[in-house]
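The structure appears right after this line, and notes come after that.
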Amino acid sequence: MHKHVFLAALLLAPPLSARAGDTVALTFDDLPGLTLHNSQPYVNDANARLLDGLKRHGFPAIGFVNEGKIADMDRTQQTALLEDWVAAGFDLGNHTYSHESPNKLSARAYTADILKGERVIRPLLESHGKTLTWFRYPYLETGPTKKKKTDIEAWLKDHNYRIAPVTMENSDWMFSEPYDDAVTRKNARRVAKIRAEYLAYTDRTLTLYQKAGRALFGRDMAYVMLLHDTRLNADCIDDLADILKRHDLGVVTLEQAMADPAYQTPDTYVGKDGLEWLERWSRGLNKDLPWDDFKDPPKDIQTAYTRLDTDR
Ligand SMILES: [Zn+2]
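Using the working numbering, the first residue of the sequence shown is number 2, and each one after it goes up by one.
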């Protein structure tokens, strides 16, 4: 009898090794689209595919908008893309108007650029019963001096913004322009090669971030993953979903991820570098992260990116 109860208890209780698992919030920067060329049909297509894919997998997501991009192409269609995101149930955040860095602008000019970046999205979200809440720093650059950093943070707080950190990323931006180039040239072999390289790199990088999170906090954590609003991610969404599943990463909303107490760790980093938050925290906590296995994207991707990128 006793033994029986014991066995039942063993069966009901989760085994010692069981864990709830890590989770991840998917965040897409540079809406209404990051593409090599300013082609409205291409951007429309990329967004439609991405939104379809996210809906198909039942993934929540948030898109971070540069309203300056609206004027780069057809204003009506660019705005309609943002409406598509909200209508599909996704959230939007502010990513500044012109994708500038506090390394280049004064705190005053930088925050003016943030304010300029909410003219379309604030009323758009409100018309759907939502409130503009989230801010994402372009390049993850938060201010080169303590004064500038805290001035910007104080402004954000004053304007009821919450900072959206990044604790997982896969350098997707570096793969996306070579990918756009291959797609535009209809070079199917190259398209397939870049996709394979991108997915292998993502798989590898996620392993490292999960190791790093565990090294910092000694437990499962909720990650916030930086991706971009690109044709590459739209085309790879099923493969990305497989990778997340293999890594035991359940997809949650940004709000849910941010409920992880890890995000209350102070970000004490001051400097010009665009660091993700695990790195920022590790410096504040004086803990080394296991980045020894870190590798940059493949050489051919780096070379192609450098050749194609005229932006920065
Ligand atoms: Zn960006």
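Using N, Cα and C, we set each Cβ at its ideal position, and we do this for glycine too.
Cβ-Cβ separation, residue j to residue i (assumed contact under 8 Å), whole Å
i, j, result
"V167", "T24", "Between T24 and V167 the Cβ distance is about 15 Å, and since that is not below 8 Å, they are no contact."
"L241", "T203", "7 Å"
"I302", "P179", "6 Å"
"V225", "A26", "5 Å"
"L83", "L35", "About 14 Å; that fails the 8 Å criterion."
"L228", "I63", "Going by Cβ atoms, the distance from L228 to I63 rounds to 11 Å, so no, they are not a contact pair."
"N67", "Y111", "Rounded, the Cβ-Cβ distance is 14 Å, inconsistent with contact."
"I238", "L55", "7 Å"
"Y199", "M169", "Not confirmed; about 15 Å, so no contact."
"E119", "L106", "17 Å between Cβ atoms; not a contact."
Environment of residue i [buried if 16+ CB atoms lie within 10 Å]
i, result
"R232", "buried"
"H96", "buried"
"G286", "The question names Gly, yet the displayed sequence has Leu at residue 286. L286 is exposed by the Cβ-count criterion."
"T108", "It is Ala, not Thr, that sits at residue 108 in the sequence shown. When all chains shown are included, A108 counts as buried."
"H3", "Its pLDDT being 46, under 50, H3 is placed unreliably in this model, and the value from its coordinates should be taken loosely. Exposed: under 16 other Cβ atoms inside 10 Å."
"P267", "exposed"
"F136", "buried"
"P42", "exposed"
"R220", "exposed"
"F176", "buried"
"D182", "buried"
"N171", "buried"
"F60", "buried"
"F29", "buried"
"T307", "exposed"
"R57", "exposed"
"A305", "buried"
"N188", "exposed"
"A258", "buried"
"A201", "exposed"
"N161", "exposed"
"T206", "buried"
"D236", "buried"
"K148", "exposed"
"D92", "buried"
"G251", "exposed"
"T65", "Correcting the residue identity first, residue 65 is Phe in this sequence and not Thr. Per the 10 Å Cβ criterion, buried."
"K246", "exposed"
"K150", "buried"
"N39", "exposed"
"E155", "A small correction: the amino acid at residue 155 is Ala; Glu does not occupy that position in the sequence shown. With fewer than 16 other Cβ atoms within 10 Å, it is exposed."
"A223", "buried"
"R186", "exposed"
"A328", "No information on residue 328 is available, as it lies outside the stretch 2 to 313 that the chain covers here."
"D173", "buried"
"G130", "exposed"
"G94", "buried"
"P16", "With a pLDDT of 42 at P16, under the threshold of 50, the modelled position of that residue is not reliable, and the figure given next carries that caveat. Exposed: under 16 other Cβ atoms inside 10 Å."
Beta-bridge pairing of residue i - partner residues as DSSP gives them
i, result
"A263", "Paired residues: none, contrary to the question."
"H96", "DSSP, once it has assigned bridges, lists no residue as partnering H96."
"M169", "M226"
"R215", "According to DSSP, R215 bridges with nothing at all."
"I164", "F136"
"G251", "T24"
Interface flag, residue i vs chain B, CB-CB below 8 Å
i, result
"L55", "Absent from the structure is chain B; it holds one protein chain and no more."
Any non-hydrogen atom of ligand 3 within 7 Å of residue i CB
i, result
"P124", "For ligand 3, the structure offers nothing, since it holds only ligand 1."
Item to complete: Could you tell me whether the stretch 223-237 touches the stretch 45-52, where touching means 3 or more Cβ pairs closer than 8 Å?
Response: Result yes; three or more Cβ-Cβ pairs closer than 8 Å.
Worksheet item: Taking the runs of the beta strand (DSSP E) that are 3 residues or longer, which of them lie wholly in the stretch 20-105?
Response: Runs found: 24-32, 63-66 and 92-95.
Fill in: Three or more C-beta pairs below 8 Å linking the stretch 185-194 and the stretch 121-133
no
Discussion item. With a threshold of 8 Å, are at least 3 pairs of Cβ atoms found where one atom belongs to the stretch 259-274 and the other to the stretch 77-94?
Written reply: no
Discussion item. Using a Cβ distance threshold of 8 Å, determine whether the stretch 263-280 contacts the stretch 128-144, with at least three qualifying pairs required.
Written reply: yes
Fill in: Validate contact between the stretch 282-296 and the stretch 211-219 using beta carbons, cut 8 Å, 3 pairs
In short, these stretches touch, since the Cβ pair count reaches three.
Discussion item. Quick check on the DSSP output: what are the complete alpha helix (DSSP H) runs of length 4 or more inside the stretch 179-218, in order along the chain?
Written reply: Taking only runs of at least 4 residues, the alpha helix (DSSP H) segments lying wholly in the stretch 179-218 are 189-218.
Practice prompt. Evaluate the contact criterion for the stretch 81-89 versus the stretch 109-119: three or more CB pairs, one atom per stretch, below 8 Å.
Written response: no
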